[in-house]
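Colleague:
In our numbering, the protein residues as written are 1 to 174.
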């Protein structure tokens, strides 16, 4: 069987497995895949699915996105964006509404800088109603006191809900 071009995924997996001090059998059991199949992946004879890579990453306690890049499933820039999003979503010091606002501001900056594509992460923040705002329209980041700060090019939008055309206000609230 000829070796597939899956980057250096197999070598990387073997290195990560050894660093984690796991035998091939232990990793296969933890990931829920067969020992021979995992061995073939490490030797570059098989290209695993994204689901298998996710299971292996979880068992190794590493980023699944890193494995996706190594396997050629995901572009490096997409991985970096997904990791940025994951860090924001995982931050326990901010609430869901604040996470949603941060992600929207992040998206507006990326769009402004020519990175239009937003990868589908399959994650829903469950933050409730959509917070509207874009570059130049006033993406607000109100705090508990509803203090507004202007988004990229904005004049201080309101993060509490949809705004009329123009989108921004001076931050004066009753």
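Where a beta carbon is used, it is the ideal one built from N, C-alpha and C, also for glycine.
Is the beta carbon of residue 57 closer than 8 Å to that of residue 64?
Modeller: Going by C-beta atoms, residue 64 is nearer than 8 Å to residue 57.
Colleague: Is the segment 58-77 close to the segment 14-25, with three or more CB pairs under 8 Å?
Modeller: Touching, yes.
Colleague: State the DSSP-derived secondary structure class of residue 63, mapped to helix, strand or coil.
Modeller: Looking at residue 63 - three-state DSSP - the assignment turns out to be coil, as it is neither helix nor strand.
Colleague: Whole angstroms is fine: what's the gap from residue 93's alpha carbon to residue 47's?
Modeller: Spanning the two alpha carbons is a distance of roughly 39 Å.
Colleague: Relative to the alpha-carbon of residue 12, which residue among 109, 100, 41 has its alpha-carbon at the smallest distance?
Modeller: Ranking 109, 100, 41 by Cα distance to residue 12 puts 41 first.
Colleague: Is it buried or exposed, residue 113, if we count other Cβ atoms within 10 angstroms and call 16 or more buried?
Modeller: By the neighbour-count rule (16 or more Cβ atoms within 10 Å), residue 113 is not buried but exposed.
Colleague: Would you mind sorting residue 87 into buried or exposed? The rule is 16 or more other CB atoms within 10 Å of its CB.
Modeller: By the neighbour-count rule (16 or more Cβ atoms within 10 Å), residue 87 is not buried but exposed.
Colleague: Quick one: residues in its chain with C-beta nearer than 7 Å to the C-beta of residue 52, no 5 flanking neighbours on either side, listed in chain order?
Modeller: Result list for residue 52: 33, in chain order.
Colleague: Helix, strand or coil for residue 29, going by three-state DSSP, please let me know.
Modeller: If DSSP states are grouped into helix, strand and coil, residue 29 belongs with the helices.
Colleague: Whose C-alpha, out of 68, 55, 101, is nearest the C-alpha of residue 27?
Modeller: Comparing Cα-Cα distances from residue 27 to each of 68, 55, 101, the minimum goes to 55.
Colleague: Under the three-state reduction of DSSP, which class applies to residue 54: helix, strand or coil?
Modeller: If DSSP states are grouped into helix, strand and coil, residue 54 belongs with the helices.
Colleague: Could you check the C-alpha separation between residue 36 and residue 115 for me, to the nearest Å?
Modeller: Near 41 Å, if we compare the C-alpha coordinates of residue 115 and residue 36.
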